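Enquirer: Quick one: the structure is below, and I'll ask about it shortly.
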Amino acid sequence: MGKKNKRRDEDAESPQLNPNDRNGDDSDNAKKLKKKKKNKKNEKPKERATVSIAVPASIIDNVPTLDLATRLAGQIARAATIFCIDEVVVFDNNGEPNRDPMMENSDDESGAAFLIRILRYLETPQYLRKALFPMHNSLRFVGLLPPLDPPHHLRKHEWGPYREGVTINGNSNSTGTLVDVGLAKHVVVDQLLEPGRRVTVAMGAERNLDSDLPRQVVSSSKPREEGEYWGYQVRYARNISSVFKDCMHKGGYDYIIGTSEHGQIIKSHELERPSFRHLLIAFGGLAGLEESIEEDDNLKGKNAGDAFNVYLNTCPHQGSRTIRTEEAILISLQYFQEPISRALQS
1062 MGKKNKRRDE DAESPQLNPN DRNGDDSDNA KKLKKKKKNK KNEKPKERAT VSIAVPASII
1122 DNVPTLDLAT RLAGQIARAA TIFCIDEVVV FDNNGEPNRD PMMENSDDES GAAFLIRILR
1182 YLETPQYLRK ALFPMHNSLR FVGLLPPLDP PHHLRKHEWG PYREGVTING NSNSTGTLVD
1242 VGLAKHVVVD QLLEPGRRVT VAMGAERNLD SDLPRQVVSS SKPREEGEYW GYQVRYARNI
1302 SSVFKDCMHK GGYDYIIGTS EHGQIIKSHE LERPSFRHLL IAFGGLAGLE ESIEEDDNLK
1362 GKNAGDAFNV YLNTCPHQGS RTIRTEEAIL ISLQYFQEPI SRALQS
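1062 is the number of the first residue of the sequence shown in the working numbering; add one for each residue after it.
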């Protein structure tokens, strides 16, 4: 008896569809349900939260030798990878407008160009580097650096649902392109692409290189959407204000943190971080972020702390009078790890 009553109650709550009443309330309910399902189906996946760091190019200019500069760049790349940073912004202090440091052909390139080149080289899987990076003086000592070893740096014997690859000369047919994904055999993707282009390829769940079916090129954000860390991107900014203004995310960074020995002292577990979509943590050079803000024409007269949502000293009571930028990055990213996790879960 109880089960029948329960069934009757459920029937009363659910919309009853009358096939003979096309204009009645029941018909409207059916349309609403159908529309709701359709909207849910077309609903875009929620954008994944990102964490970026901004690093001054001047830290390279203060290093006396190429091998030491290479090691410094390697330390930044390692820190970014260990803490799953999505973007590294390399900024100058009042660089030239519309200047792309990577277009410099000189072996004696600027600090910004050098740092960007090393960061991008290390983020690239080893099996793609020869195809994507021509020989350059700045890369002379990269062999001394420890590997980053992120999830997308797969070995030849390893299989994953996604793999980074580079398109190569010679189309397999008129509708597809051969891609070197670092395995014993090249794969075919279902697009016609120019050679020398880096792509992310969906490989499937099971290891199978004998299939003639073309694979798909997907966005590099696809593995990230599925919870996999997939390396960092590198961007150049001519000054500190360009770091904020030229954000690659729609709507920009919604929370910006500055780090300095002159910043506010708050214990990591007491730091209240509101939820965010795109977080930026900025680091200064030899003279700190204060110098970068003073030399930026767009921020003249502004106090350093006013340029950020919060201005923090992440290593109070330091024994050394100076903390190097590469040290500050490791210290600060460890400091922020727990507050960021809390913010993402809220």
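Even glycine gets a Cβ: it sits at the ideal position worked out from N, Cα and C.
All values reported here derive from a predicted model rather than from experimental measurement.
Have a look at Ala1266 and Glu1351 and give me their C-alpha separation to the nearest angstrom.
Expert: One C-alpha to the other measures close to 50 angstroms.
Enquirer: When you compare the CB positions of Phe1202 and Asp1122, do they come within less than 9 angstroms of one another, or not?
Expert: Not in contact: Phe1202 and Asp1122 (Cβ atoms no closer than 9 angstroms).
Enquirer: When you compare the CB positions of Phe1344 and Val1116, do they come within less than 9 angstroms of one another, or not?
Expert: Yes, they are a contact pair.
Enquirer: Since Pro1275 contacts Leu1332 with CB under 8 angstroms, what's their CB separation in whole angstroms?
Expert: So it is not a contact: roughly 49 angstroms between Cβ atoms.
Enquirer: Can you tell me which of the three DSSP states Ile1318 falls into?
Expert: Ile1318: strand per DSSP, three-state reduction.
Enquirer: Let's test the definition: count the other Cβ atoms within 10 Å of the Cβ of Leu1341 and tell me whether it reaches 16, buried, or not, exposed.
Expert: Its Cβ being crowded by 16 or more others within 10 Å, Leu1341 is buried.
Enquirer: Quick check: what's the CA-CA separation for Thr1228 versus Pro1256?
Expert: So the two alpha carbons sit approximately 5 angstroms from each other.
Enquirer: Does DSSP classify Gln1252 as helix, strand or coil?
Expert: Coil.
Enquirer: Nearest CA to the CA of Ala1134: which residue from His1330, Glu1184 and Ser1113?
Expert: Selected option, being the one with the closest Cα: Glu1184.
Enquirer: Here's a check: name, in chain order, each residue in its chain whose Cβ is nearer than 8 angstroms to the Cβ of Ser1280, leaving out the five neighbours to either side.
Expert: Taken in chain order, the residues that qualify are Thr1261.
Enquirer: Indicate the three-state DSSP secondary structure (helix, strand or coil) for Arg1296 in the structure shown.
Expert: Strand.
Enquirer: Following the continuous beta strand (DSSP E) through Ala1115, name the residue where it begins and the one where it ends.
Expert: Note, Ala1115: beta strand (DSSP E), Thr1111 to Pro1117.
Enquirer: Which residue comes first and which comes last in the beta strand (DSSP E) that contains Ala1343?
Expert: First-last of the beta strand (DSSP E) with Ala1343: His1339 to Ala1343.
Enquirer: For Pro1284, which residues of its own chain have a beta-carbon under 6 angstroms away from its beta-carbon, when the five flanking residues on both sides are left out?
Expert: Counting only Cβ-Cβ distances below 6 angstroms, and skipping sequence neighbours, we find Tyr1223 and Trp1291.
Enquirer: Please report the distance separating the alpha-carbon of Lys1102 from that of Arg1109.
Expert: Residue placement at Lys1102 is poorly supported in this model, since its pLDDT is 46, which falls under 50; the coordinates are not used for a value here.
Enquirer: Check whether the stretch 1301-1317 touches the stretch 1373-1389, taking contact to mean three or more Cβ pairs, one atom from each stretch, closer than 8 angstroms.
Expert: With the cut-off at 8 angstroms, the stretch 1301-1317 and the stretch 1373-1389 do not touch.
Enquirer: Do you know offhand how far Asn1359's Cα is from Asn1300's?
Expert: Whole-angstrom Cα-Cα distance: 9 angstroms.
Enquirer: On the premise that Val1149 lies in contact with Tyr1297, defined as a C-beta separation below 8 angstroms, what is that separation, rounded to the nearest angstrom?
Expert: Actually they are not in contact, since the Cβ atoms of Tyr1297 and Val1149 sit about 10 angstroms apart, beyond 8 angstroms.
Enquirer: Please state whether DSSP places Val1124 in a helix, a strand or coil.
Expert: Coil, per DSSP.
Enquirer: So Lys1246 packs on Leu1270, CB below 8 angstroms; how close in whole Å?
Expert: So it is a contact: roughly 5 angstroms between Cβ atoms.
Enquirer: Take Lys1097 and list the residues in its own chain whose beta-carbon comes closer than 7 angstroms to its own, dropping the five residues that flank it on each side.
Expert: At Lys1097, the pLDDT of 48 sits below 50, so the modelled position is not reliable; the number obtained from the coordinates is stated separately. There are no such residues.
Enquirer: Within its chain, find whatever has a CB closer than 7 angstroms to the CB of Leu1176; leave out the 5 residues flanking it on each side and keep chain order.
Expert: Ala1118, Ile1121, Ala1134 and Val1151, listed in sequence order.
Enquirer: With Asp1153 and Ala1173 assumed to form a contact (beta carbons below 8 angstroms), what rounded beta-carbon distance in angstroms separates them?
Expert: Yes, they are in contact, since the Cβ atoms of Asp1153 and Ala1173 sit about 5 angstroms apart, within 8 angstroms.
Enquirer: Comparing C-alpha positions only, which one of Leu1254, Ala1140, Arg1259 and Ile1317 sits nearest to Pro1186?
Expert: Considering only alpha carbons, the answer is Arg1259.
Enquirer: Who pairs with Arg1403 in a beta bridge, going by DSSP?
Expert: Looking at the DSSP assignment, Arg1403 forms no beta bridge with any residue, so it has no partner.
Enquirer: So Thr1320 and Leu1391 are supposed to be a Cβ contact under 8 angstroms. How far apart are they, rounded?
Expert: Rounded, the Cβ-Cβ distance is 12 angstroms, inconsistent with contact.
Enquirer: For Arg1268, I'd like the list of residues in its chain whose CB is within less than 7 angstroms of its CB, leaving aside the five on either flank, ordered along the chain.
Expert: Closer than 7 angstroms at the Cβ level, and outside the excluded window around Arg1268, lie Trp1220.
Enquirer: When the Cα atoms are used, what is the spatial distance from Ala1138 to His1330?
Expert: Near 26 angstroms, if we compare the C-alpha coordinates of His1330 and Ala1138.
Enquirer: Does the beta-carbon of His1218 have 16 or more other beta-carbons within 10 angstroms, so that it is buried, or is it exposed?
Expert: Counting Cβ neighbours within 10 Å, His1218 comes out exposed, since fewer than 16 surround it.
Enquirer: Can you tell which of Ser1393, Arg1334 and Glu1388 has its C-alpha closest to the C-alpha of Gln1406?
Expert: Selected option, being the one with the closest Cα: Arg1334.
Enquirer: Just to confirm, are Arg1338 and Thr1111 a CB contact at a threshold of 9 angstroms?
Expert: Closer than 9 angstroms, so yes.
Enquirer: State the Cα-Cα distance for the pair Tyr1316 and Asn1230, rounded to the nearest angstrom.
Expert: Approximately 44 angstroms between the Cα atoms of the pair.
Enquirer: Relative to the alpha-carbon of Gly1388, which residue among Asp1161, Gly1288, Ile1114 and Gln1136 has its alpha-carbon at the smallest distance?
Expert: First, the residue type needs correcting, since residue 1388 is Glu and not Gly in the sequence shown. Of Asp1161, Gly1288, Ile1114 and Gln1136, the residue nearest in Cα terms is Gln1136.
Enquirer: Which residue's Cα is closest to the Cα of Asp1367: Gln1398, Glu1355 and Val1248?
Expert: The candidate whose alpha carbon is nearest that of Asp1367 is Glu1355.
Enquirer: What does a CB cutoff of less than 8 angstroms around Gln1277 pick up in its chain, not counting 5 residues either side in sequence?
Expert: Excluding sequence neighbours, Gln1277 sits near Val1250, Asp1251, Val1262 and Ala1263.
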